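In the numbering used here, the protein residues as written are 139 to 584.
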RNA sequence: GUCCCCAUCGUCUAGCCUGGUCCAGGACAAAAGCUUUUCAAGCUUUCGACACCGGUUCAAAUCCGGUUGGGGACGCCA
């Protein structure tokens with residue numbers, strides 16, 4: 139049975155690259171009817187933090203990447219020690235205070251007084267068969283003797299990784315390209331320990347727009363940042379899916395279930411991909427406009443209450459739902475709703491100064507007053523009636539509808555963009571509409 | 001510096017393995033138009049690429065070599 143793993147280190151948040159590695163492992167497991175294992179690589183006790191661990195687990199769940207088993211390396215130090223002892227007694231490893239230094243080279247200092255256990259590396263070639271790249275050959279001349287157990291007793295990454303990958307019976311190691319030079323070192327360890335080799339696949343890296351690695355300076359990296367910005371988990375997953383892999387048949391939008399059906403590791407390409415925020419935003423808009431407004435509203439309620447725009451124990455759900463429906467096709471990220479819909483919640487909403495200058499610098503007292511009257515006279519305050527009344531008025535005044543529509547929109551919303559004016563009026567209600575228009579009516583003097 | 005990986009529109013990619021159906025297809029972005037009260041959405045259209053050089057072949061985006069460019073790794077970090 140196929141068994142794969144994602145092995146994050148809780149020394150930082152789950153970032154885009156890690157998430158994609160996890161996703162592809164997950165997909166491979168699901169598509170093969172296998173197991174997806176999570177292994178927390180917390181051997182660096184100083185840098186590992188509980189907050190990071192929690193954030194990583196939360197983000198994985200948020201993305202929908204559930205795991206079948208979970209292990210913590212910090213609980214397995216004696217296992218690594220045991221394996222190192224084996225290599226020691228078979229003469230394949232040795233104890234030393236320091237790695238033998240090459241000429242002119244500085245060596246990292248030991249962490250503590252104890253002796254490290256180090257693997258001897260012999261001259262030769264290591265060939266690895268990569269499922270994505272084919273054969274890669276390394277000369278062991280470029281590989282130094284490898285520290286297995288540090289002088290403080292903790293295992294090194296490569297050693298713990300090999301021992302665990304083997305003990306956890308992993309069949310495929312799917313990881314980022316940046317591990318490609320670790321692989322020959324690990325193969326050497328498999329050989330020294332007499333363990334069976336898993337299959338390797340190295341995923342291309344995700345690059346920043348400016349080139350080079352993704353980093354804090356070069357665009358958002360943490361999954362949680364994307365969540366906070368208002369991207370939906372499914373758009374992020376869909377986006378990640380399209381980075382380095384293609385479902386074929388010109389498909390762009392697909393969910394995880396479809397991806398599981400279509401996934402074929404051989405179709406992962408070798409080229410590093412640049413993260414394209416525009417496409418992510420487009421995907422998010424696609425999902426947003428088709429999403430159930432109930433779900434979007436639920437996601438928005440915490441923000442709405444935090445801003446005191448609604449009372450958390452007493453609000454009109456149907457009304458809010460209508461507002462979500464009105465705006466959802468116009469959003470890039472969900473949080474855009476808060477800026478776009480502010481005027482529905484605040485009487486003191488921000489007014490775009492340019493819009494005011496352009497549409498409200500002219501005196502529209504007469505037009506606004508007449509429109510207020512027409513609204514007052516409506517038998518039913520409904521969409522069709524509002525529009526009818528407005529168009530009739532415009533016609534009587536001999537004005538093109540848009541000549542009045544724009545100023546009214548700015549008066550009611552403070553913006554030049556937004557949903558149709560009559561919808562705005564309808565959902566704002568008669569009173570608020572009239573009040574806001576009245577503000578722009580100059581008092582008759584004398 | 002040494003080693004390793006990669007190379008199709010600005011970006012994500014299809015095609016490459018199994019040469020001809022590719023004067024290279026789709027998507028994002030950009031531009032234009034339609035629709036429209038604005039903005040989105042939607043629809044239509046346009047712009048736009050096989051990095052370069054050489055080889056193999058009747059035929060190369062596809063196979064081979066080199067150059068250039070990009071990326072990664074060289075820790076008692078993971």
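Even glycine gets a Cβ: it sits at the ideal position worked out from N, Cα and C. Since this is a predicted model, take the numbers as computed values, not measurements.
Whole-number beta carbon distance between residue j and residue i, since they are thought to touch under 8 Å
i	j	result
residue 513	residue 572	6 Å
residue 316	residue 211	Not really, about 19 Å apart at Cβ, beyond 8 Å.
residue 431	residue 459	5 Å
residue 201	residue 374	7 Å
residue 369	residue 462	Not really, about 17 Å apart at Cβ, beyond 8 Å.
residue 417	residue 377	7 Å
residue 560	residue 521	6 Å
residue 547	residue 408	Not really, about 52 Å apart at Cβ, beyond 8 Å.
residue 558	residue 488	Not a contact, Cβ separation roughly 21 Å.
residue 352	residue 156	Not a contact, Cβ separation roughly 10 Å.
residue 574	residue 549	5 Å
residue 345	residue 314	Actually they do not touch by this definition, with Cβ atoms about 12 Å apart.
residue 382	residue 341	6 Å
residue 148	residue 197	Contact doesn't hold; Cβ gap of about 12 Å is too wide.
Spatially closest choice to residue i from the options, by CA coordinates
i	options	result
residue 307	314, 193, 426 and 334	334
residue 321	263, 374, 464 and 190	263
residue 393	425, 215 and 351	425
residue 483	430, 570, 508 and 431	570
residue 145	496, 578, 226 and 205	205
residue 563	534, 209, 384 and 527	527
residue 117	276, 352 and 498	Residue 117 lies beyond the range of the chain shown here (139 to 584); nothing can be said about it.
residue 139	464, 195 and 175	175
residue 251	207, 408 and 288	288
residue 297	256, 268, 143 and 363	256
residue 142	207, 469, 448 and 279	207
residue 195	228, 160 and 172	160
residue 402	154, 170, 148 and 158	170
residue 576	565, 545, 507 and 531	507
residue 371	548, 557, 351 and 421	421
residue 259	266, 282 and 265	282
residue 511	494, 464 and 531	531
residue 254	534, 433, 286 and 224	286
residue 568	385, 544 and 518	518
residue 599	451, 495 and 525	Outside the shown range of the chain, which is 139 to 584, sits residue 599, and nothing can be said about it.
residue 419	534, 365 and 278	365
residue 494	150, 545, 291 and 360	545
residue 385	149, 147 and 162	162
residue 565	464, 542 and 492	464
residue 293	336, 213, 330 and 362	213
residue 367	319, 290, 473 and 450	473
residue 235	278, 291, 221 and 279	291
Host alpha helix (DSSP H) of residue i (start-end)
i	result
residue 548	539 to 551
residue 410	No alpha helix (DSSP H) contains residue 410, which DSSP labels as neither H nor E.
residue 217	215 to 227
residue 155	154 to 169
residue 330	321 to 331
residue 194	188 to 201
residue 399	394 to 400
residue 298	295 to 305
residue 375	371 to 379
Limits of the beta strand (DSSP E) - the one that residue i falls within
i	result
residue 174	173 to 178
residue 365	Note, residue 365: premise wrong, no beta strand (DSSP E); alpha helix (DSSP H) at 361 to 367.
residue 287	284 to 287
residue 450	Per DSSP, residue 450 belongs to no beta strand (DSSP E) and is neither H nor E.
residue 231	231 to 234
residue 560	It is not in any beta strand (DSSP E) - residue 560 instead sits in the alpha helix (DSSP H) that spans 559 to 566.
residue 417	No beta strand (DSSP E) holds residue 417; the alpha helix (DSSP H) holding it covers 415 to 428.
residue 268	263 to 268
residue 356	Here residue 356 belongs to no beta strand (DSSP E), and DSSP marks it neither H nor E.
residue 184	Taken as a continuous stretch (DSSP letters only), residue 184 belongs to no beta strand (DSSP E), as it is neither H nor E.
residue 341	337 to 341
residue 279	Careful: residue 279 lies outside any beta strand (DSSP E) and carries neither H nor E.
residue 257	254 to 257
residue 260	Note, residue 260: premise wrong, no beta strand (DSSP E); not H, not E.
residue 140	Careful: residue 140 lies outside any beta strand (DSSP E) and carries neither H nor E.
residue 311	310 to 314
residue 207	207 to 210
Heavy atom of the ligand NAP within 7 Å of residue i beta-carbon
i	result
residue 307	Because no ligand of any kind appears in the structure shown, any question about the ligand NAP cannot be addressed here.
Checklist entry - Counting Cβ pairs closer than 8 Å, one from the stretch 294 to 311 and one from the stretch 164 to 183, do we hit at least three? => result Touching, yes.
Next on the checklist: Quick check: the stretch 409 to 417 against the stretch 173 to 186, are at least 3 beta-carbon pairs closer than 8 Å?
Outcome noted: By the C-beta criterion, the stretch 173 to 186 is judged not to be in contact with the stretch 409 to 417, since fewer than 3 inter-stretch pairs fall below 8 Å.
Checklist entry - Given 8 Å as the limit, is there contact between the stretch 387 to 405 and the stretch 497 to 505, that is, 3 or more CB pairs closer than that? => result no
Checklist entry - So does the stretch 538 to 546 actually touch the stretch 468 to 483, counting three or more Cβ pairs closer than 8 Å? => result no
Checklist entry - Along the chain, which unbroken stretches of the alpha helix (DSSP H) at least 4 residues long are found entirely within the stretch 458 to 530? => result 474 to 478, 480 to 483, 491 to 498 and 503 to 515
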